[in-house]
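Participant: Chains as they are written, first to last, in our numbering: chain A, 11 to 156; chain B, 11 to 156.
Protein chains: 2
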Amino acid sequence: MSCENETAVALRDAGQKVTPQRMAILSAVRHAGEHVTATRVIEQIQAAQPYVDPSTIYRTLSSARELGLVSETDMGTRDAEFEWIGKDRHHHLICKSCGTAMSLDNRYLDGLATQLIEELDFEADLGHFAIFGTCAKCRTQNREEN
Amino acid sequence: MSCENETAVALRDAGQKVTPQRMAILSAVRHAGEHVTATRVIEQIQAAQPYVDPSTIYRTLSSARELGLVSETDMGTRDAEFEWIGKDRHHHLICKSCGTAMSLDNRYLDGLATQLIEELDFEADLGHFAIFGTCAKCRTQNREEN
DNA sequence: CTTGCACATGCAACCAGTTGCAGCTACTAT
DNA sequence: ATAGTAGCTGCAACTGGTTGCATGTGCAAG
Chain A
11 MSCENETAVA
21 LRDAGQKVTP
31 QRMAILSAVR
41 HAGEHVTATR
51 VIEQIQAAQP
61 YVDPSTIYRT
71 LSSARELGLV
81 SETDMGTRDA
91 EFEWIGKDRH
101 HHLICKSCGT
111 AMSLDNRYLD
121 GLATQLIEEL
131 DFEADLGHFA
141 IFGTCAKCRT
151 QNREEN
Chain B
11 MSCENETAVA
21 LRDAGQKVTP
31 QRMAILSAVR
41 HAGEHVTATR
51 VIEQIQAAQP
61 YVDPSTIYRT
71 LSSARELGLV
81 SETDMGTRDA
91 EFEWIGKDRH
101 HHLICKSCGT
111 AMSLDNRYLD
121 GLATQLIEEL
131 DFEADLGHFA
141 IFGTCAKCRT
151 QNREEN
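(1) Taking a cut of 8 Å between CB atoms, which residues from the segment 117-137 of chain B lie near chain A?
(2) Taking residue 80 of chain A as part of the beta strand (DSSP E), name the residues at either end of that continuous run.
(3) Helix or strand or just coil, what does DSSP make of residue 130 of chain A?
(4) Following the continuous beta strand (DSSP E) through residue 101 of chain A, name the residue where it begins and the one where it ends.
(5) Of all Cβ atoms in chain B, is any one closer than 8 Å to the Cβ of residue 92 of chain A?
(6) What separation, rounded to the nearest whole angstrom, lies between the Cα atoms of residue 39 of chain B and residue 88 of chain B?
(7) Residues of chain A with CB closer than 9 Å to the CB of residue 103 of chain B, please, in chain order.
(8) Tell me, which residues are paired with residue 47 of chain A by DSSP?
(9) Count Cβ pairs between the segment 47-67 of chain A and the segment 96-107 of chain A that sit closer than 8 Å; are there 3 or more?
(10) Using CA atoms only, rank isn't needed, just tell me which of B:143, B:121, B:140, B:142 is closest to residue 133 of chain B.
(11) Rounded to whole angstroms, what is the Cα-Cα separation between residue 136 of chain A and residue 119 of chain B?
(12) Give, in chain order, every residue of the segment 55-87 of chain B whose Cβ lies closer than 9 Å to some Cβ of chain A.
(13) Taking its Cβ as the centre, do 16 or more other Cβ atoms sit within 10 Å of residue 54 of chain B, making it buried, or is it exposed?
(14) Which bits of chain B does residue 144 of chain A rub up against, with CB to CB less than 8 Å?
(15) Strictly below 7 Å CB to CB, what residues from chain A border residue 99 of chain B?
(16) Kindly indicate which residue of A:79, A:96, A:45, A:124 has the alpha-carbon position closest to the one of residue 22 of chain A.
(17) When you compare the CB positions of residue 74 of chain A and residue 114 of chain A, do they come within less than 8 Å of one another, or not?
(18) Residue 95 of chain B touches chain A at which residues, Cβ-Cβ below 8 Å?
(19) Check for me: the beta strand (DSSP E) holding residue 74 of chain B runs from which residue to which?
(20) Taking only the alpha-carbon atoms, compute the straight-line gap between residue 84 of chain B and residue 90 of chain B and give it to the nearest angstrom.
(21) Run the CB neighbour count on residue 70 of chain B, radius 10 Å, all protein chains shown included, and call it buried at 16 or more, exposed below.
(22) Let me know the secondary structure DSSP gives residue 29 of chain B once reduced to three states.
(23) Looking only at C-alpha atoms, which of A:131, A:66, A:44, A:45 sits nearest to residue 33 of chain A?
(24) What are the start and end residues of the beta strand (DSSP E) that includes residue 115 of chain A?
(25) For residue 93 of chain B versus residue 41 of chain B, is the C-beta distance shorter than 8 Å?
(26) What is the DSSP secondary structure of residue 143 of chain B, reduced to helix, strand or coil?
(27) So, with DSSP's three-state summary, where would you put residue 120 of chain A?
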């Protein structure tokens, strides 16, 4: 099954409609590889189809997030980053000092999820997570300065 | 030392000035007990001092966040929640179904922080964290419906 | 006490993102 | 194939939050 079909099926399963606009928007996120801002998606879509309204793009991204097709994460910059949720779930470590974003494998949070469900009966949705802090490089630099 | 003095000292230590507006704004957050939205702070401040501009409040909250005096968390609602960072650091579990926010003790994330520093040399700043998911009550209800 | 200056404030213009609404379109049932 | 309907789209108005700038103010040095 092609990725276009997968997306279409996911939409229909949720009782939503498959429209050219939605497919273009979701395809842009999917093929971005990395995380993209809504603004970036708008630019990209409007370059090809200028008549697509920004509100449609915001609405589509927002409903796709609710469906679990994409994740929305505040990476510390002004506007939120969207990312296609594929097979390789991962999170981000963001250095507050240099702004670098690193991927963090899912397994680091598995333990936490297990603990929450066992001890508190809370089913955590750890699909998307941004952890702020200081990376190794910046920590070394800070030590040298002091 | 009174809490007012603590706040003032923290500001001055960071090379910032102590003004009546700032003290009023930070005091509102500190004494809110729970988390408060910027909008709520604006209402509260303007009830007493109508001349204080919203932009001042946004700027103050934002710089206080950078100083680590308050935390800013997206609780899933439209606007961010601010909370005074006291001795009892904690996080929030937010149910996507019923919207309830529960406090989560810091110890649940200590393990993760340790793992990150030992394995990846990344010093995580886990001062404020919002974990989305489904609470026990809503999970039970969902099971009954199916 | 006075002076200087960096930081903070209020104002107003601005902008990204949201919402209400009327028309349109994908999907479903017949 | 057709009609009905629920959901989507574009438009335009709106709103919460941000930014630039001129003025005001806290604070430290003299």
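Cβ coordinates follow ideal geometry from the N, Cα and C atoms, glycine included. Small disclaimer: the values here were computed from a predicted structure and weren't measured.
Facilitator: In terms of the structure at hand:
(1) Residues passing the 8 Å Cβ filter: 118, 119, 121, 122, 125, 126, 130, 131, 132, 133, 134, 135, 136.
(2) Translated into positions along the first sequence, residue 80 of chain A becomes position 70. First-last of the beta strand (DSSP E) with residue 80 of chain A: 80-83.
(3) Here residue 130 of chain A refers to the residue found at position 120 when the first sequence is read from its first residue. Assignment of residue 130 of chain A by DSSP, reduced to helix, strand and coil, places it in the helix class.
(4) Counting from one through the first sequence, the residue named residue 101 of chain A turns up at place 91. Unbroken beta strand (DSSP E) run through residue 101 of chain A: 100-105.
(5) Taking the first sequence and counting its residues from 1, the one referred to as residue 92 of chain A is at position 82. It does not; no Cβ of chain B falls within 8 Å.
(6) For this step, residue 39 of chain B is matched to residue 29 along the second sequence. For this step, residue 88 of chain B is matched to residue 78 along the second sequence. So the alpha carbons of these two residues sit roughly 19 Å apart.
(7) The residue you call residue 103 of chain B lines up with position 93 of the second sequence. In chain order: 126, 130, 132, 134.
(8) Looking up residue 47 of chain A in the first sequence gives position 37. Answer by DSSP bridge pairing, in chain order: A:91.
(9) A contact between stretches requires three or more CB pairs, one per stretch, nearer than 8 Å, and the segment 47-67 of chain A fails this requirement with the segment 96-107 of chain A.
(10) By 1-based counting over the second sequence, the position of residue 133 of chain B is 123. Nearest option by C-alpha distance: B:121.
(11) The sequence position of residue 136 of chain A within the first sequence is 126, counting from 1. The sequence position of residue 119 of chain B within the second sequence is 109, counting from 1. Whole-angstrom Cα-Cα distance: 14 Å.
(12) Within the segment 55-87 of chain B, the residues whose Cβ lies closer than 9 Å to some Cβ of chain A are 84, listed in chain order.
(13) Your numbering for residue 54 of chain B matches position 44 in the second sequence. Under a 10 Å Cβ-count criterion, residue 54 of chain B is classified as buried, with 16 or more other Cβ atoms of the shown protein chains found around its own Cβ.
(14) Translated into positions along the first sequence, residue 144 of chain A becomes position 134. Simply 132, 133, 135.
(15) For this step, residue 99 of chain B is matched to residue 89 along the second sequence. Per Cβ cutoff of 7 Å: no residues; residue 99 of chain B is ~14 Å from chain A at best.
(16) Numbered from 1 along the first sequence, position 12 holds the residue referred to as residue 22 of chain A. Minimum Cα distance to residue 22 of chain A is reached at A:79.
(17) Indexing the first sequence from 1 puts residue 74 of chain A at position 64. Indexing the first sequence from 1 puts residue 114 of chain A at position 104. Taking 8 Å as the Cβ cut-off, residue 74 of chain A and residue 114 of chain A do not qualify as a contacting pair.
(18) To locate residue 95 of chain B, count along the second sequence from 1; it is residue 85. For residue 95 of chain B, there are no C-beta contacts with chain A under 8 Å, since the nearest C-beta of that chain is about 14 Å from it.
(19) As a working note, residue 74 of chain B is residue 64 in the second sequence. Not the beta strand (DSSP E): residue 74 of chain B falls in the alpha helix (DSSP H), residues 64-77.
(20) By one-based count along the second sequence, residue 84 of chain B stands at place 74. By one-based count along the second sequence, residue 90 of chain B stands at place 80. Separation of residue 84 of chain B and residue 90 of chain B (C-alpha to C-alpha, rounded to the nearest whole angstrom) is 5 Å.
(21) Against the second sequence, residue 70 of chain B aligns to sequence position 60. Under this definition residue 70 of chain B is a buried residue.
(22) Taking the second sequence and counting its residues from 1, one reaches residue 29 of chain B at position 19. Coil at residue 29 of chain B, not helix or strand.
(23) The residue labelled residue 33 of chain A in the question sits at position 23 within the first sequence. Closest by alpha carbon: A:66.
(24) Translated into positions along the first sequence, residue 115 of chain A becomes position 105. 111-115 is the span of the beta strand (DSSP E), which, as asked, contains residue 115 of chain A.
(25) Taking the second sequence and counting its residues from 1, the one referred to as residue 93 of chain B is at position 83. Taking the second sequence and counting its residues from 1, the one referred to as residue 41 of chain B is at position 31. No. Outside cutoff.
(26) Stepping through the second sequence from its first residue, residue 143 of chain B is reached at position 133. Strand.
(27) Along the first sequence, read from residue 1 onward, the residue named residue 120 of chain A stands at position 110. Secondary structure at residue 120 of chain A: helix, using DSSP grouped into helix, strand and coil.
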